[in-house]
DNA sequence: CGGAATCCATCACGATACTG
DNA sequence: CAGTATCGTGATGGATTCCG
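Chains as they are written, first to last, in my numbering: chain A, 1 to 108; chain B, 109 to 216.
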């Protein structure tokens with residue numbers, strides 16, 4: 001979790017600093033509905049490497065947006081989901097989806 | 109402007125492909141209120157280079173989000189603003205700002 | 001299954017100089 | 001003022017190997 005002093009003054013810049021990178025918004029899009037397992041996420045995001053998925057998830061956890069639950073089973077069973085703070089980002093995902101649909105509807 | 113075939117199937121991914129990079133969302137935040145001149149934008153974004161600002165603006169124009177109006181004066185006078193399509197992105201900016209404010213309000 | 005560790009590639013981004 | 005043209009670098013992301 002960042003401290004107040006590390007964050008930009010502008011709220012938009014603050015949010016951007018949390019969802020920066022190529023994949024976090026797409027990860028949020030997936031976690032929106034339910035918890036996901038690691039390999040399940042990687043398969044669905046198609047194109048993301050293990051390293052980048054690991055790094056992205058860890059940053060999101062560190063920022064308080066996501067949680068990691070290890071069931072301590074063999075074979076390993078780990079699930080990732082959104083914290084209540086992470087769920088506060090869902091209006092952003094919804095706005096992105098709305099715009100994406102609109103954009104595709106008007107281009108020829 | 110991209111064609112339908114170049115865009116991802118997922119609407120969120122479509123939107124992300126349009127606002128990718130480090131600066132476009134911040135540029136949108138500025139253009140939200142009124143048209144801006146080039147140097148004015150560069151000063152306000154503090155940290156962005158001319159090249160990156162030029163590249164970002166050109167992509168946004170190419171994607172139909174922004175326009176460029178050259179007054180053909182000497183000294184040069186050029187203004188950048190949002191198209192009606194670009195204004196459809198404003199809910200995204202608003203959602204980002206809301207979240208940024210909320211995030212800063214709850215961290216200690 | 002869910003990673004860690006390592007190495008490598010690319011390109012987004014940045015610095016600098018110059019121009020109509 | 002509003003760029004263009006070069007050139008350089010470093011963080012981000014990708015490929016591969018190994019492990020409990």
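Built from N, CA and C at the ideal position, the CB exists for glycine as well.
In this structure, residue 36 of chain A places its C-beta atom within 8 Å of the C-beta atom of residue 79 of chain A. Around the CB of residue 171 of chain B, 16 or more other CB atoms lie within 10 Å, so the residue is classed as buried.
Looking at the DSSP output, residue 68 of chain A shares a beta bridge with A:80.
One thing to note: residue 189 of chain B has its Cβ within 8 Å of the Cβ of residue 175 of chain B. Taken atom to atom, the span from the alpha-carbon of residue 161 of chain B to that of residue 128 of chain B is near 14 Å. Spanning the alpha carbons of residue 29 of chain A and residue 88 of chain A requires a straight line of approximately 13 Å.
Contact annotation: residue 12 of chain A and residue 208 of chain B have beta-carbon atoms nearer than 8 Å.
Distance from the CA of residue 158 of chain B to the CA of residue 164 of chain B, rounded to the nearest whole angstrom, comes to 10 Å. The C-beta of residue 159 of chain B comes no closer than 8 Å to any C-beta of chain A. Cα atoms of residue 211 of chain B and residue 85 of chain A: separation of roughly 8 Å, rounded to the nearest angstrom. Considering only A:93, A:6, A:76, A:105, the residue with the shortest C-alpha distance to residue 31 of chain A is A:93. Close partners of residue 82 of chain A in chain B (Cβ separation under 7 Å) are lacking, with about 13 Å as the shortest Cβ gap.
Against chain B, a Cβ distance below 8 Å from residue 31 of chain A picks out nothing, because the smallest value is about 12 Å. In the DSSP assignment, no residue is bridged to residue 137 of chain B. Around the Cβ of residue 122 of chain B, a 10 Å sphere holds 16 or more other Cβ atoms; the residue is buried.
Taking C-beta atoms under 8 Å as the contact rule, residue 65 of chain A and residue 18 of chain A qualify, at a distance of about 7 Å. Setting aside the 5 residues that flank it on each side, residue 177 of chain B is surrounded in the same chain by 187, each with a C-beta closer than 6 Å to its C-beta; the list follows chain order.
For the options B:141, B:117, B:147, B:150, the alpha carbon positioned closest to that of residue 45 of chain A is the one of B:117. Here DSSP, grouped into helix, strand and coil, assigns residue 87 of chain A to helix. Of the candidates A:42, A:38, A:43, A:33, A:38 places its Cα closest to the Cα of residue 76 of chain A. With contacts defined as CB atoms closer than 8 Å, residue 214 of chain B and residue 1 of chain A fail to qualify as a contacting pair. Residue 95 of chain A is positioned such that its CB atom lies closer than 8 Å to that of residue 199 of chain B.
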